[in-house]
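Okay, structure first, notes after.
There are 2 protein chains.
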Amino acid sequence: MGLAKTEMFTDQQNEISLFAKVFGHPARVAILQHLFKINSCVCGDLVNEIGLAQPTISQHLKELKHLGLIKGNVEGTSVCYCIHKENWTAMKTVMNEFLNQDLTEKQDCC
Amino acid sequence: MGLAKTEMFTDQQNEISLFAKVFGHPARVAILQHLFKINSCVCGDLVNEIGLAQPTISQHLKELKHLGLIKGNVEGTSVCYCIHKENWTAMKTVMNEFLNQDLTEKQDCC
DNA sequence: TATATTAATCGTAATATTGCAATGAATTAA
DNA sequence: TTAATTCATTGCAATATTACGATTAATATA
Numbered sequence: 164m165g166l167a168k169t170e171m172f173t174d175q176q177n178e179i180s181l182f183a184k185v186f187g188h189p190a191r192v193a194i195l196q197h198l199f200k201i202n203s204c205v206c207g208d209l210v211n212e213i214g215l216a217q218p219t220i221s222q223h224l225k226e227l228k229h230l231g232l233i234k235g236n237v238e239g240t241s242v243c244y245c246i247h248k249e250n251w252t253a254m255k256t257v258m259n260e261f262l263n264q265d266l267t268e269k270q271d272c273c
Numbered sequence: 164m165g166l167a168k169t170e171m172f173t174d175q176q177n178e179i180s181l182f183a184k185v186f187g188h189p190a191r192v193a194i195l196q197h198l199f200k201i202n203s204c205v206c207g208d209l210v211n212e213i214g215l216a217q218p219t220i221s222q223h224l225k226e227l228k229h230l231g232l233i234k235g236n237v238e239g240t241s242v243c244y245c246i247h248k249e250n251w252t253a254m255k256t257v258m259n260e261f262l263n264q265d266l267t268e269k270q271d272c273c
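In structure tokens:
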């Protein structure tokens, strides 16, 4: 049904999957990496940088913004985007807790 | 077109997005958390634990296995799954590099 | 005001994902 | 051998995602 049964899972599990999902497309990964790389914020340069059409980039930016990972600031006719630091840090906490689960104590049975 | 243009991105960007995508569903997050939680490996108990139908769980396990994050071991009529430690650690390295990009030096322009 | 520039939105086509009933394959138990 | 158990696979319906052309909205400039 293309629809995840989110009600069966914990808030934490759903939150992890929402963050992960937004990283689940290379264009959004590339956008975020570019926003990290350049000290100044990027606007529509992302369209040239990434190589996808403007509406496509705009759509990806919307998803990143919707999750709160980036901020957009209108400057004349262009829009300047940058990483939302506080939210990025909060996201890292959630993801790190999931990724850094303890492995050492478990014996391999497979 | 529902199809990511992977050829436009670096191998690293594509790898990050593939790992992230598999975490982009709460059922797979729940499966992995459960495999971490119980010291012994789980078999079809995951079906009871998670609450989705058996073919659905089987499909999610297949995706996790395909990415190398879990291993499956046939034991009689049941199959025992567990985390693939080495591959999990390698995945963490890739994801941590992406998530832990340096934030402190950048000034907020938005 | 008229025109250019920039980015968001709309609409749509192509493809992917999710979930499960039905079925099949492999093994074990009677 | 037959039946039961467990899990994978198949097939399909419902929904989501990706990408982009066309358009719109907002601002800046001539």
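Residue numbers (our numbering), protein chains in the order written: chain A, 164 to 273; chain B, 164 to 273.
Here a beta-carbon is modelled for each residue, glycine too, at the ideal position from N, C-alpha and C.
Member of the options whose CA lies at the smallest distance from the CA of residue i
i: Asp265/A; options: Phe199/B, Gln222/B, Val205/B; result: Phe199/B
i: Leu181/A; options: Asp208/B, Ala190/B, Asn250/B, Thr219/B; result: Ala190/B
i: His188/B; options: Thr173/A, Ala193/A, Thr219/A; result: Thr173/A
i: Val185/A; options: Lys168/A, Asp208/A, Leu232/A, Gln176/A; result: Leu232/A
i: Val192/A; options: Ile220/A, Thr267/A, Ala167/A, Lys248/A; result: Ile220/A
i: Ile194/B; options: Lys225/B, Met254/B, Gln176/B; result: Lys225/B
i: Glu238/A; options: Thr169/A, Cys204/A, Lys168/A, Asn177/A; result: Cys204/A
i: Tyr244/A; options: Gln176/A, Ala183/A, Ala253/A, Leu227/A; result: Leu227/A
i: Asn177/B; options: Cys273/B, Met254/B, Thr267/B; result: Met254/B
i: Thr267/A; options: Lys248/B, His223/B, Thr267/B; result: Lys248/B
i: Ile246/B; options: Asp208/A, Asn263/A, Ile246/A; result: Asn263/A
Contact list for residue i against chain B, beta-carbon separation under 8 Å
i: Cys206/A; result: Chain B residues near Cys206/A: none, gap ~11 Å exceeds 8 Å.
Residues that residue i bridges to, as DSSP identifies them
i: Val237/B; result: Val242/B
i: Val205/B; result: Tyr244/B
Contact set for residue i: own chain, Cβ-Cβ below 6 Å, skip 5 residues either direction
i: Gln217/B; result: Val210
i: Val242/A; result: Cys206, Gly235
i: Lys230/A; result: This sequence places Leu at residue 230/A; Lys is not what is there. Result list for Leu230/A: Val185, in chain order.
Within chain A, the residues that residue i reaches when beta carbons sit closer than 7 Å
i: Thr169/B; result: Pro189
i: Asn250/B; result: Correct list: empty, because the minimum Cβ distance to chain A is about 11 Å.
Proximal chain B residues relative to residue i, where beta-carbon distance stays under 7 Å
i: Gln264/A; result: Phe199
i: Ser180/A; result: Phe186, Gly187, His188, Pro189, Val192
i: Lys234/A; result: Cys273
Contacts around residue i, its chain only, beta-carbon distance under 8 Å, and the 5 residues preceding and following it disregarded
i: Ile179/A; result: Val257, Met258, Phe261
Other residues of its chain near residue i: CB distance less than 7 Å, five sequence neighbours each side excluded
i: Glu212/B; result: His197
i: Asn250/B; result: Gly231, Leu232
Inter-residue CB distance, residue i and residue j (contact presumed, cutoff 8 Å)
i: Leu164/B; j: Gly214/A; result: In the sequence as presented, Leu is not what sits at residue 164/B; that position holds Met. That belief does not hold up - the Cβ atoms of Met164/B and Gly214/A are roughly 16 Å apart, past 8 Å.
Proximal chain A residues relative to residue i, where beta-carbon distance stays under 8 Å
i: Met258/B; result: Met258, Leu262
i: Asn211/B; result: Going along chain A, no residue has its Cβ under 8 Å from Asn211/B, so there is no contact; the nearest lies around 12 Å.
i: Lys255/B; result: Leu262, Asn263
i: Gln222/B; result: Neighbours of Gln222/B on chain A: none; closest Cβ ~13 Å, over 8 Å.
Beta-carbon neighbours of residue i, restricted to chain A and to distances below 9 Å
i: Lys225/B; result: Simply none; closest approach about 15 Å.
i: Val215/B; result: Residue identity check: residue 215/B is Leu in the sequence provided, not Val. Chain A residues near Leu215/B: Lys168, Met171.
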